[in-house]
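There are 6 protein chains.
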Amino acid sequence: MNDLVDEFDAYRAKMNDRILKDNNKVLKRIFNLDTNSFAEGALDKKTKELLGLVASLVLRCDDCVKYHLESSYKSGFSKEQVVEALSIGTLVGGTIVIPHLRRAYEYWDAIEDKFGQNE
Amino acid sequence: MNDLVDEFDAYRAKMNDRILKDNNKVLKRIFNLDTNSFAEGALDKKTKELLGLVASLVLRCDDCVKYHLESSYKSGFSKEQVVEALSIGTLVGGTIVIPHLRRAYEYWDAIEDKFGQNE
Amino acid sequence: MNDLVDEFDAYRAKMNDRILKDNNKVLKRIFNLDTNSFAEGALDKKTKELLGLVASLVLRCDDCVKYHLESSYKSGFSKEQVVEALSIGTLVGGTIVIPHLRRAYEYWDAIEDKFGQNE
Amino acid sequence: MNDLVDEFDAYRAKMNDRILKDNNKVLKRIFNLDTNSFAEGALDKKTKELLGLVASLVLRCDDCVKYHLESSYKSGFSKEQVVEALSIGTLVGGTIVIPHLRRAYEYWDAIEDKFGQNE
Amino acid sequence: MNDLVDEFDAYRAKMNDRILKDNNKVLKRIFNLDTNSFAEGALDKKTKELLGLVASLVLRCDDCVKYHLESSYKSGFSKEQVVEALSIGTLVGGTIVIPHLRRAYEYWDAIEDKFGQNE
Amino acid sequence: MNDLVDEFDAYRAKMNDRILKDNNKVLKRIFNLDTNSFAEGALDKKTKELLGLVASLVLRCDDCVKYHLESSYKSGFSKEQVVEALSIGTLVGGTIVIPHLRRAYEYWDAIEDKFGQNE
Numbered sequence: 871m872n873d874l875v876d877e878f879d880a881y882r883a884k885m886n887d888r889i890l891k892d893n894n895k896v897l898k899r900i901f902n903l904d905t906n907s908f909a910e911g912a913l914d915k916k917t918k919e920l921l922g923l924v925a926s927l928v929l930r931c932d933d934c935v936k937y938h939l940e941s942s943y944k945s946g947f948s949k950e951q952v953v954e955a956l957s958i959g960t961l962v963g964g965t966i967v968i969p970h971l972r973r974a975y976e977y978w979d980a981i982e983d984k985f986g987q988n989e
Numbered sequence: 871m872n873d874l875v876d877e878f879d880a881y882r883a884k885m886n887d888r889i890l891k892d893n894n895k896v897l898k899r900i901f902n903l904d905t906n907s908f909a910e911g912a913l914d915k916k917t918k919e920l921l922g923l924v925a926s927l928v929l930r931c932d933d934c935v936k937y938h939l940e941s942s943y944k945s946g947f948s949k950e951q952v953v954e955a956l957s958i959g960t961l962v963g964g965t966i967v968i969p970h971l972r973r974a975y976e977y978w979d980a981i982e983d984k985f986g987q988n989e
Numbered sequence: 871m872n873d874l875v876d877e878f879d880a881y882r883a884k885m886n887d888r889i890l891k892d893n894n895k896v897l898k899r900i901f902n903l904d905t906n907s908f909a910e911g912a913l914d915k916k917t918k919e920l921l922g923l924v925a926s927l928v929l930r931c932d933d934c935v936k937y938h939l940e941s942s943y944k945s946g947f948s949k950e951q952v953v954e955a956l957s958i959g960t961l962v963g964g965t966i967v968i969p970h971l972r973r974a975y976e977y978w979d980a981i982e983d984k985f986g987q988n989e
Numbered sequence: 871m872n873d874l875v876d877e878f879d880a881y882r883a884k885m886n887d888r889i890l891k892d893n894n895k896v897l898k899r900i901f902n903l904d905t906n907s908f909a910e911g912a913l914d915k916k917t918k919e920l921l922g923l924v925a926s927l928v929l930r931c932d933d934c935v936k937y938h939l940e941s942s943y944k945s946g947f948s949k950e951q952v953v954e955a956l957s958i959g960t961l962v963g964g965t966i967v968i969p970h971l972r973r974a975y976e977y978w979d980a981i982e983d984k985f986g987q988n989e
Numbered sequence: 871m872n873d874l875v876d877e878f879d880a881y882r883a884k885m886n887d888r889i890l891k892d893n894n895k896v897l898k899r900i901f902n903l904d905t906n907s908f909a910e911g912a913l914d915k916k917t918k919e920l921l922g923l924v925a926s927l928v929l930r931c932d933d934c935v936k937y938h939l940e941s942s943y944k945s946g947f948s949k950e951q952v953v954e955a956l957s958i959g960t961l962v963g964g965t966i967v968i969p970h971l972r973r974a975y976e977y978w979d980a981i982e983d984k985f986g987q988n989e
Numbered sequence: 871m872n873d874l875v876d877e878f879d880a881y882r883a884k885m886n887d888r889i890l891k892d893n894n895k896v897l898k899r900i901f902n903l904d905t906n907s908f909a910e911g912a913l914d915k916k917t918k919e920l921l922g923l924v925a926s927l928v929l930r931c932d933d934c935v936k937y938h939l940e941s942s943y944k945s946g947f948s949k950e951q952v953v954e955a956l957s958i959g960t961l962v963g964g965t966i967v968i969p970h971l972r973r974a975y976e977y978w979d980a981i982e983d984k985f986g987q988n989e
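Chains as they are written, first to last, in our numbering: chain A, 871 to 989; chain B, 871 to 989; chain C, 871 to 989; chain D, 871 to 989; chain E, 871 to 989; chain F, 871 to 989.
This is the structure we're talking about:
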């Protein structure tokens with residue numbers, strides 16, 4: 871099941887490289903901003919991860935959800951906390967979000983299989 | 871071609887179980903409401919299935935479309951009726967909906983392959 | 871409160887005329903298709919009105935909701951039936967739909983104020 | 871400028887009452903769930919407010935943004951913190967979000983005019 | 871009718887100033903990028919205006935449509951050309967786009983009233 | 871890597887046939903309009919391709935992006951031009967668009983692998 875995580879990370883890294891080496895200035899700056907906006911600030915980095923996760927879920931972007939699940943995990947959130955965030959996204963975004971919730975659960979399981987459980 | 875239906879149903883059932891046994895109260899209630907809102911009421915259950923189908927199509931959620939195609943089929947709608955509903959969704963939602971319409975047609979064919987045609 | 875209905879209908883009629891007299895072939899045909907797709911067919915016209923209403927609500931288009939509330943009313947749906955359709959849209963589309971639901975209720979009240987209640 | 875806040879709150883309260891007294895079970899439960907999902911849990915209530923705010927912004931729902939700006943204010947977030955959350959929403963949701971960001975700024979100003987600044 | 875244009879421009883300018891003087895780095899850079907991405911490049915500036923217009927229409931953002939109508943006008947596009955672009959947006963985005971199309975027509979008329987017709 | 875292009879084209883052609891032979895009048899006319907709206911007119915066909923591409927990207931429809939990448943390629947756009955169009959879509963639509971941008975880059979590479987580079 872680990873493959874889910876490795877596959878996603880590998881494709882993401884390969885294509886990001888592909889895009890960035892292309893040297894389109896606007897795209898490079900958007901990628902840059904992405905890093906800046908999630909950095910420590912008036913809000914702590916950890917809280918920001920969760921904001922990214924919920925935004926991704928309500929916009930129903932599976933790849934974005936995967937990315938933010940991984941960084942939420944690495945920030946130390948427990949599964950229970952992540953699920954509460956996902957439940958808010960599901961309520962706000964509606965039952966149309968449920969198929970993405972299923973894949974989010976599957977991906978979180980893959981993360982825990984690979985790296986162990988956060989307490 | 872039957873696999874399309876079995877695969878979808880199996881993954882959906884497995885992950886729904888996974889989510890529900892997790893015991894997040896908000897998610898459980900949303901799943902519950904889903905059942906309630908499509909029950910017989912001032913509108914009959916059959917009409918409601920079609921409302922769910924069109925909502926799913928305009929929101930471009932393939933899995934939701936599949937689910938409601940199956941329950942529309944089981945409610946006894948003919949293909950012609952289902953296609954009329956899909957055509958409204960395509961007009962309201964625009965040509966951006968067409969790729970989802972293709973997959974809806976493919977899935978309906980898989981349903982008929984498996985269970986026979988509704989008259 | 872009647873003004874809500876009259877105002878909306880007047881603006882809609884004025885601007886539709888404006889667009890149609892402009893003679894862009896694609897736009898004219900889209901307007902035409904709109905009429906065709908909601909006509910009696912394998913599905914009855916009345917059911918189709920409700921499909922249009924729910925599609926409009928989940929896509930969060932206030933003007934489209936108003937239009938379909940009016941035609942749902944004229945098709946003879948009772949308030950209870952319309953509200954059941956709206957409740958499906960709110961569940962599928964999520965709490966983000968609630969502000970549009972508020973305006974839908976207000977508009978339905980304006981319709982009943984003007985034309986009386988459907989039984 | 872205070873009117874912005876009072877007007878919004880009054881309309882929201884009036885129409886919510888209107889909807890709830892209508893006694894549609896699905897809608898009542900959705901309203902209920904809304905309260906439950908933002909309650910203290912594995913995540914604190916304060917963090918959840920911010921999740922609601924960002925979800926509302928990326929889904930471009932002005933009324934939802936207003937509501938969550940008010941509750942974020944009442945939870946004690948400083949303007950700088952709220953703006954960081956809004957900036958994440960704007961990056962994730964794109965420049966299409968900017969008109970909603972303008973109205974969010976205007977509304978936050980109205981809140982501070984009325985209740986004073988959070989430190 | 872000119873007021874439509876003046877009102878929109880004034881509110882937009884006032885709130886953009888408000889946002890920019892707030893000095894949130896991410897927001898300032900997004901505003902900056904907005905200018906850069908529509909500058910002359912491998913594609914000419916004029917074509918890019920139209921891309922912005924159609925993107926705004928299919929995403930159903932009235933304020934964004936207004937802004938890009940104005941800059942499309944200033945780039946020298948004729949009404950017929952602008953309407954062709956809008957018709958593509960309406961087809962791709964579906965009839966749900968029509969209320970926004972109405973307001974786009976109204977705004978274009980206001981622009982022509984104020985500045986005269988492009989030939 | 872060519873497979874990406876062939877696979878997509880084959881599935882698209884097969885299912886379009888499937889839909890069209892079904893003879894639903896509304897769907898057939900929508901397919902027809904799709905051809906008409908992208909024909910030479912007040913705007914040249916080439917510009918229209920790019921409008922279709924950007925609309926597809928901001929609406930985050932992978933299949934639509936693939937289709938318009940192919941026709942943009944066949945219209946003679948260079949990669950640099952296409953990427954500028956994609957960068958506008960990414961800015962307008964936000965970072966949520968990035969996963970679709972990755973797949974767009976991959977598909978463009980597959981097109982160039984198959985047909986050679988546009989100069």
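Each residue gets a CB set at the ideal place from its N, CA and C atoms; glycine is no exception.
With the rule of 3 Cβ pairs closer than 8 Å, the segment 923 to 935 of chain E counts as touching the segment 973 to 983 of chain E.
Segment contact: the segment 940 to 957 of chain F against the segment 883 to 890 of chain F, fewer than three CB-CB distances shorter than 8 Å; contact not assigned. Residue 906(B) and residue 928(E) have their C-alpha atoms roughly 34 Å apart. Per DSSP, the continuous alpha helix (DSSP H) segment holding residue 924(A) begins and ends at 915 to 928.
Those residues of the segment 953 to 967 of chain E placed with their C-beta closer than 9 Å to a C-beta in chain F are 953, 954, 955, 957, 958, 959, 960, 961, 962 and 963, ordered along the chain.
Comparing alpha carbon positions, the residue from 903(E), 914(E) and 961(E) closest to residue 894(C) is 961(E).
One alpha carbon belongs to residue 926(C), the other to residue 902(C), and they sit about 18 Å apart. A Cβ-Cβ contact shorter than 7 Å links residue 965(F) with residue 904(A). A distance of 7 Å or more separates the beta carbons of residue 938(F) and residue 963(F). Using a 10 angstroms sphere on the CB of residue 909(B), the tally of other CB atoms stays under 16, which defines it as exposed.
When rounded, the separation of the alpha-carbon atoms in residue 949(A) and residue 917(D) is 16 Å. Interface residue (Cβ-Cβ distance to chain B less than 7 Å): residue 907(D) is classified as such. Around the beta-carbon of residue 951(E), 16 or more other beta-carbon atoms lie within 10 Å, marking it buried.
Taking each of 897(C), 959(C) and 979(C) in turn and checking the Cα distance to residue 896(D), the smallest one comes out for 959(C).
Not a single C-beta of chain F is nearer than 7 Å to the C-beta of residue 946(E).
In this chain, the alpha helix (DSSP H) harbouring residue 906(D) covers 895 to 907.
By the criterion of a C-beta distance shorter than 7 Å, residue 873(B) is surrounded by no residue of its chain, once the five residues flanking it on both sides are discounted. Contacts with chain A (Cβ-Cβ distance below 7 Å) from the segment 888 to 912 of chain B involve 888, 889, 892, 894, 896, 897, 900 and 904, listed in chain order. An exposed status is given to residue 884(A), since fewer than 16 other beta-carbon atoms sit within 10 Å of its beta-carbon. Chain-order list of chain D residues neighbouring residue 975(C): 885, 888 and 889, by C-beta distance under 7 Å.
Listed along chain B are 881, 882, 884, 885, 886, 888, 889 and 933, each with a C-beta nearer than 9 Å to that of residue 972(A). The beta carbon of residue 929(C) falls within 7 Å of a beta carbon belonging to chain E, placing the residue at that interface. Nearest to residue 915(D) by alpha-carbon distance, out of 986(A), 978(A), 954(A) and 969(A), is 954(A). In the three-state reduction of the DSSP assignment, residue 942(B) falls in the helix class.
In this structure, the alpha-carbon of residue 920(C) lies about 15 Å from that of residue 912(C). Counting along the chain, the unbroken alpha helix (DSSP H) around residue 960(A) starts and ends at 949 to 963.
For residue 934(D), the secondary structure class from DSSP, reduced to helix, strand or coil, is helix.
Excluding residues up to 5 positions away in sequence, 927, 928, 930, 959 and 960 lie with their Cβ nearer than 8 Å to the Cβ of residue 967(A) in the same chain.
Residue 881(F) places its beta carbon 7 Å or farther from that of residue 936(F). Ranked by Cα distance from residue 876(C), the options 989(C), 957(C) and 982(C) are led by 982(C). DSSP, reduced to helix, strand and coil, places residue 988(E) outside both helices and strands of the structure shown, so it counts as coil. Excluding five sequence positions before and after residue 956(F), the CB atoms of its chain that fall closer than 7 Å to its own CB belong to 927, 971 and 974, given in chain order.
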